[in-house]
Every structure is written in structure tokens, then in C-alpha cells.
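Peer 1: The sequence shown runs 57 to 425 under this note's numbering.
Even for Gly, the Cβ is constructed at its ideal location relative to N, Cα and C.
Just so it is clear, the structure is predicted and the values come from calculations on it, not from any experiment.
I have a structure here, written as C-alpha cells, and I will follow up with some questions on it.
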Amino acid sequence: MRIVGAFGLVLGACLSLGCGSSDSGDITGSGGSGGAGASGGSAGSAGSATGGSAGVDAGGAAGSGGAAGASGSGGTGGGPSHALKTVFVIMMENHSWSTIQASKSATYINDTLVPAGAHAEQYFTPPKLHPSLPNYIWLEAGSNLGILDDNDPSINHQATANHLVTQLETAGISWKAYTEGISGQTCPLVSSGLYGAKHTPQLYFDDVTDANDPNSKHCIEHVRPFSELAADLKSGNVARYNFITPDLCHDMHGEVLGLSCNPLTTDMIKLGDQWLASVIPTLTTSQAFNDGGVIFVIWDEGDEKTLQPASDGPIGLIVLSPVAKVGYASTTKLTHSATLRTIEEIFDVPFLGGAKTSPDLAEMFTAFP
């Protein structure tokens, strides 16, 4: 077993205990539906990871086939020389960055996460792109694919295979979506209670769900209950790309109907901040994170106002990694296309939609990709 790098130990303790204080993609296109076709592609054997930067031990031989035991980086894409090998995306909801920065309820975010990593001061949704689902689809496909609502996959499912996780499968790179509020027994195509399908974009593509089939084996294998993440990290069975979706009480969104966490009566920022404080240390103390991992904490869109669309931003983007610039604040104007482009660069897959012409997030790292 490899020894975790010194930076990882310090960062893990810091995040657990607390530290000191232009997009050119189009919001167009018709949303196709129908069409079947299960996507294939299993992870191939991973090569041995080498290198490291700024005192970070980013090495480690990866296990062959599927997910790697030591680094959690199964599959072949992304190149063994890359500083970044495993990606975790955590999605939060409906708050502008200025609101988070000014909030006394966001103590973990402002006092621990921001000082420990890099963050963006000028990160926006693609122009006038609302509500939530179009932004999630953009992070997966580089476009909203004509979707301008939050309807479930039964209405908004897409026939195209031109999206991120299918790119990854084609390249032999493993992926999973970890979602709160699902059983793992079926493909979770229907929103219920605190679970919103709109916050797991992979479910909107027919090649993931076998054309919107609730019994799709492919979907069930890849879209898993969030409760399984900790065990996968501990066992080294974590995928190379991991999309993490809290439930409506934990992502700062709030329950629209119900009493569990109504935004009118509940401090949603506090609930989300506490959830991040309980989850981030599990990631940052893992082998997968310390052997070339990166965590992107992203807000989908800005503050909501009564009877008005949410704000375009600026919204929050926080980058945590052994090779992130500590305490760095980017003032470059960025959108979700920049995050997608960065992920595609890490895994050496083609750029999609707005990612083709967007800047990336390289300035936030000491070594990239």
C-alpha cells in the first residue's frame, strides 16, 4: 500500500478539522427523444501512475481492469503522466457566490474549503440558462440540447450518444453517479420526495438508461446510492469520474412541497454547508484523492427570486486537489463549459459543445492536467 502524500494528510486534516481563515456554446437545439442502444465499454487496464508536483506523491500503480485498488483510477484514458487522474463533481444549488461569501451559515465553505483550494470569482451559468436541468445537461453535453425545463427523463430523454460519460466509456474510463435518495434497485428515472432526477444528468441519455428503461442494468450499475461512496473509496473501487448529487435538503435547494426543508422556513445554506463538512473529509483522506484526485464543488445557478428566473451568477466553483493552488482566486470569466472542458482534458476525450471554445480551469492548478 502506498503512503499518502504529506500534502494529502495536511489537507485531509485541514478539511476535517477546519483551517484558518466567455462561453460560446449555444442554448439552442431541439431535444431529441426516443432511440435505444445500450452503451458499452468496460474499463481496460490502467497503467502505472507516475509523477507528482509541489511535494505531492501522485504516483501509484493502478490495478488492472475496472477500478484500481490503490488509486481508484481504473481504465486507460487520461494518460499515466497526468497530474490529475480521478474527478469528483459535487453539485450544489441556487445560490450566488456573493450570497455564500456573505453568509454566516457557510462557515465550512468560507473558513475551510476556500482557504484550502482555489475558487472562481467570475463563474456563471451559460447566458440566461435556467432552471436547473439545462445547466446539469450542459455539464454533461456542452449544450442544453434544447431543454428549458426541469421535467423528468420520461419527457426530456435524449437519443444522442454525444455526451461525457459515453465518451469516457468509449475511452475505457470508469464512471459512477452517486445520488442521495435512491434505492439502487432500479434506474431512478422518476423524481420522488427529496430526490430530483433533474440533478443527475446522466439519466437523460438513452444510451445510459437503455431508452428510459427503469430496469436498465447499465443504468443501475452506474447510478448508485450515495451511501455506497464511502465504502467504494475505502476499498479502492471508486471510478475515475464521479458525479455526486445531494438530496434537496443537502444541496441548498430545499423541498418545494413538504416540511423537511422548506426554503421559507429552513436555513438551506447551513444544511448544505454541514453536509459538505460531513462529506469532503471522506474524499480528501482517500487514496483516490491523494493519488491525483480533484474535487469540483459547483453551484448550478444563482439566487432565486419570487416569480423570476434564477441569477446567472457569479456562482460558486471551488477546486480542491493536491495540485490545486492554495487560496487562489480566479477572476477569469468562466461558465460550466470551462468545467466540462477541464474534465475532458483530464481524460483526453474530445471537447463537446461550448467546451470547444471555452477556457479551462488550468490556472487553478500547480500541475495540469
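Do Val279 and Ala233 have their C-beta atoms within less than 8 Å of each other?
Peer 2: Yes, these two residues count as a Cβ contact at 8 Å.
Peer 1: I'd like the ranges of any alpha helix (DSSP H) spanning at least 4 consecutive residues and lying wholly in the stretch 165-216.
Peer 2: The stretch 165-216 contains these whole alpha helix (DSSP H) runs: 188-197, 209-212.
Peer 1: May I ask you to report which of helix, strand or coil DSSP gives Leu417?
Peer 2: In the structure shown, Leu417 sits in coil (DSSP, three-state: anything other than H, G, I, E or B).
Peer 1: Which partner residues does Asn150 have in the DSSP bridge list?
Peer 2: Looking at the DSSP assignment, Asn150 forms no beta bridge with any residue, so it has no partner.
Peer 1: Excluding the 5 residues flanking Ser272 on each side, which residues of the same chain have their C-beta closer than 7 Å to its C-beta?
Peer 2: Excluding positions up to five away in sequence, the list reads Cys243, Thr265, Asp266.
Peer 1: Is the distance from the Cβ of Leu376 to the Cβ of Ala172 below 8 Å?
Peer 2: Yes, the Cβ-Cβ distance between Leu376 and Ala172 is below 8 Å.
Peer 1: Once the 5 residues before and after Gly231 are set aside, which same chain residues still bring their CB inside 6 Å of it?
Peer 2: Here the sequence assigns Trp to residue 231, which means Gly is not the residue at that position. These residues qualify, in order along the chain: Val221, Leu224, Ala295, Tyr297.
Peer 1: In the DSSP output, which residue or residues are listed as bridge partners for Phe345?
Peer 2: Paired residue(s): none; Phe345 is not in a bridge.
Peer 1: In angstroms, rounded to a whole number, what distance separates the CA positions of Ile193 and Cys305?
Peer 2: Those two C-alpha atoms are separated by around 21 Å.
Peer 1: Expressed to the nearest angstrom, what Euclidean distance is found between the alpha-carbon atoms of Phe180 and Thr387?
Peer 2: Going by the C-alpha atoms only, they are around 12 Å apart.
Peer 1: So, Asp368 versus Thr163, is the Cβ gap smaller than 8 Å?
Peer 2: No, Cβ-Cβ distance for Asp368 and Thr163 is not below 8 Å.
Peer 1: In whole angstroms, what separates the C-alpha of Ser342 from that of Val379?
Peer 2: Near 15 Å, if we compare the C-alpha coordinates of Val379 and Ser342.
Peer 1: Alpha carbon to alpha carbon, what distance is there between Ala215 and Gly88?
Peer 2: Bear in mind that a pLDDT of 39 at Gly88, under 50, signals an unreliable position, so the number given afterwards is only what the model happens to contain. If you take the alpha carbons of Gly88 and Ala215, they lie about 6 Å apart.
Peer 1: Around the C-beta of Ser239, are 16 or more other C-beta atoms found within 10 angstroms, so that it is buried, or is it exposed?
Peer 2: Classification for Ser239: exposed.
Peer 1: So, using beta-carbon positions, are Leu408 and Ala197 closer together than 8 Å?
Peer 2: Yes, they are a contact pair.
Peer 1: For the beta strand (DSSP E) holding Arg280, just list the boundary residues, first then last.
Peer 2: Note, Arg280: beta strand (DSSP E), 279-281.
Peer 1: Can you tell which of Leu245, Asp206, Leu201, Ile374 has its C-alpha closest to the C-alpha of Phe144?
Peer 2: For the residues Leu245, Asp206, Leu201, Ile374, the minimum Cα distance to Phe144 belongs to Ile374.
Peer 1: Between the alpha carbons of Pro337 and Leu289, how many angstroms are there, rounded?
Peer 2: Straight-line Cα distance between these residues: approximately 12 Å.
Peer 1: If I'm right that Ala366 touches Gly372 with Cβ under 8 Å, what's the distance once you round it to whole angstroms?
Peer 2: Their Cβ separation, rounded to whole angstroms, is 13 Å, which puts Ala366 and Gly372 out of contact at 8 Å.
Peer 1: Name the one or two DSSP bridge partners that Phe299 has.
Peer 2: In DSSP, Phe299 forms a bridge with Val145, Ala233.
Peer 1: What separation, rounded to the nearest whole angstrom, lies between the Cα atoms of Phe421 and Val350?
Peer 2: Rounded to whole angstroms, Phe421 to Val350 spans 10 Å at the Cα level.
Peer 1: Keeping to the same chain, check which residues put their C-beta closer than 7 Å to that of His186; ignore five residues upstream and five downstream.
Peer 2: Around His186: Glu357, Pro365, Ala366.
Peer 1: Please report how far the alpha carbon of Asp206 lies from the alpha carbon of Val246, in whole angstroms.
Peer 2: Rounded to the nearest angstrom, the two C-alpha atoms are 12 Å apart.
Peer 1: Which residues in the same chain have their Cβ closer than 6 Å to the Cβ of Phe345, if we skip the five residues on either side of it in sequence?
Peer 2: Same-chain partners within the cutoff: Leu339.
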